[in-house]
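**Q** Using numbering that gives the first Met the number 0, the first residue of the sequence shown is number 0, and each one after it goes up by one.
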Amino acid sequence: MSTTTITETNKDQQLEESILNLIRGIQDDPAKANAVFRAKSKLTDGFRADVDVRDFSFLSDEPLDLGGTDLGPNPVEYVLGAFAACQEIVIKAYATVLGIGITSVQVDVQGSIDLHGFLNLSDERPGFTGVTFKTTIETNETDPEKLKQLEYFSVNRCPVLDIIRNPVPIEGTIQFVQP
Numbered sequence: 000m001s002t003t004t005i006t007e008t009n010k011d012q013q014l015e016e017s018i019l020n021l022i023r024g025i026q027d028d029p030a031k032a033n034a035v036f037r038a039k040s041k042l043t044d045g046f047r048a049d050v051d052v053r054d055f056s057f058l059s060d061e062p063l064d065l066g067g068t069d070l071g072p073n074p075v076e077y078v079l080g081a082f083a084a085c086q087e088i089v090i091k092a093y094a095t096v097l098g099i100g101i102t103s104v105q106v107d108v109q110g111s112i113d114l115h116g117f118l119n120l121s122d123e124r125p126g127f128t129g130v131t132f133k134t135t136i137e138t139n140e141t142d143p144e145k146l147k148q149l150e151y152f153s154v155n156r157c158p159v160l161d162i163i164r165n166p167v168p169i170e171g172t173i174q175f176v177q178p
């Protein structure tokens, strides 16, 4: 057995243990299921936004043809990237618990936007008018029931897909301050 296989097996065992511990913890104390995630952003130059999430910082910008300086992905590209990564994480998590070995997961996603809405040129919605994706899972698993379960979980338990697919109640305020 190769070192790579042992390492990957150990990672999968640690991942499974972490997931099962999380599940047991929430079953024992349902209040632990209420998670809150935060982000803070500040527009710094042109369309460049400096974003802080936990101990991480990244920037968002618009491409040149949309008036930015193309120093980073724009917000809708981050949404697509978040969806792709979320799909991969959900698939890996459920595959691990279901005992499905996966070699790789890749998600190709694309979102269409009609800029008329964003630019206030029509009543078209400013967000995505459609999102399409293709998820490719490399596995040696042949049990059709297990694979069907994994497919179900990938499209029904992915938080970012749920956020894109379903309206989310949002509250907020806009305040104006003088410099």
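The beta-carbon is built from N, C-alpha and C at its ideal position, and this holds for glycine as well.
Please report the distance separating the alpha-carbon of Thr8 from that of Glu144.
**A** So the alpha carbons of these two residues sit roughly 23 Å apart.
**Q** To the nearest angstrom, report how far apart Leu160 and Val108 are at their CA atoms.
**A** Straight-line Cα distance between these residues: approximately 11 Å.
**Q** Between which two residues does the beta strand (DSSP E) harbouring Leu97 extend?
**A** That residue, Leu97, is in no beta strand (DSSP E); its alpha helix (DSSP H) goes Pro74 to Leu97.
**Q** At which residues does the beta strand (DSSP E) containing Arg47 begin and terminate?
**A** Element bounds for Arg47: Arg47 to Val52.
**Q** Kindly indicate the opening and closing residues of the beta strand (DSSP E) around Leu114.
**A** Unbroken run through Leu114 is the alpha helix (DSSP H), Leu114 to Phe117; no beta strand (DSSP E).
**Q** Looking only at DSSP bridge pairs, what is Val108 linked to?
**A** Bridge partners of Val108: Phe132.
**Q** Could you have a look at Glu150 and say whether DSSP puts it in helix, strand or coil?
**A** Three-state DSSP puts Glu150 in a helix.
**Q** Go through its chain and collect everything with a Cβ distance to Thr2's Cβ below 7 Å, but skip five positions before and after it.
**A** Below a pLDDT of 50, predicted positions are generally treated as unreliable, and Thr2, at 43, falls in that range; the measurement from the model is reported next regardless. Excluding residues within five positions, none has a Cβ falling inside 7 Å.
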